[in-house]
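Numbering (my numbering), first residue to last: 1 to 139.
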Ligand code: ADP
Ligand code: MG
């Protein structure tokens, strides 16, 4: 296994419900280190750019509207196998299908408003991290 970095986002639904601390504490208790963290209220352009891969999906408009509905917390997580471990910790996209104890099972209300984002590959982790952070902001 290798030390990896991955991008997590605490989405606007979870920041509205005051779950930032609980989610960050969970990352740390699972051995993932906070390498960078910042609050950001995404513009329409930023949200569209971040989710450009989903631009053709029927839910794209709804997704952009949700992601711009309030502030998010963008986080770089670092640790052994961080990409896969964060995805495991998040649970399935649809909270109804997420395993017990996962962040989406605990904190998400619907498939759209699902509390957290996590990069799905090491390659995307690098791209997504650079979308929000400069190298000099990650420790
Ligand atoms: P994940 O976030 O688990 O990687 P996807 O990459 O497939 O999931 O989708 C990106 C985001 O788009 C999801 O986290 C969710 O916020 C939203 N989304 C996905 N599928 C739907 C859907 N069927 N209806 C509404 N929103 C959706
Ligand atoms: Mg995804």
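Even glycine gets a Cβ: it sits at the ideal position worked out from N, Cα and C. Only a predicted model underlies this, so the values are computations on that prediction, with no experimental measurement involved.
query                                                                                               : result
Nearest-angstrom Cβ-Cβ length linking residue 91 and residue 85, presumed shorter than 8 Å          : Actually they do not touch by this definition, with Cβ atoms about 12 Å apart.
Cβ pair count under 8 Å reaching 3, the stretch 62-71 against the stretch 10-21                     : yes
Candidates 136, 8, 12: closest to residue 63 by CA position                                         : 12
Secondary structure of residue 169, DSSP reduced to three states                                    : Lying before the first or after the last residue shown, residue 169 is absent from the chain, which here runs from 1 to 139.
Span separating the alpha-carbon of residue 99 from that of residue 66                              : 24 Å
Uninterrupted beta strand (DSSP E) stretches inside the stretch 90-117 (no shorter than 3 residues) : none
Start and end residues, beta strand (DSSP E) containing residue 8                                   : 3-10
Three-state secondary structure assigned by DSSP to residue 121                                     : coil
Where the alpha helix (DSSP H) containing residue 77 begins and where it ends                       : Premise fails: residue 77 lies in the beta strand (DSSP E), 72-80, not in any alpha helix (DSSP H).
Residue 61 beta carbon near the ligand ADP (any heavy atom closer than 7 Å)                         : no
Assumed close pair residue 77, residue 8 - CB separation to whole angstroms, cut-off 8 Å            : 5 Å
Proximity test, residue 120 beta-carbon vs the ligand MG heavy atom, cut-off 7 Å                    : yes
Sub-8 Å separation of residue 87 and residue 135 beta-carbons                                       : no
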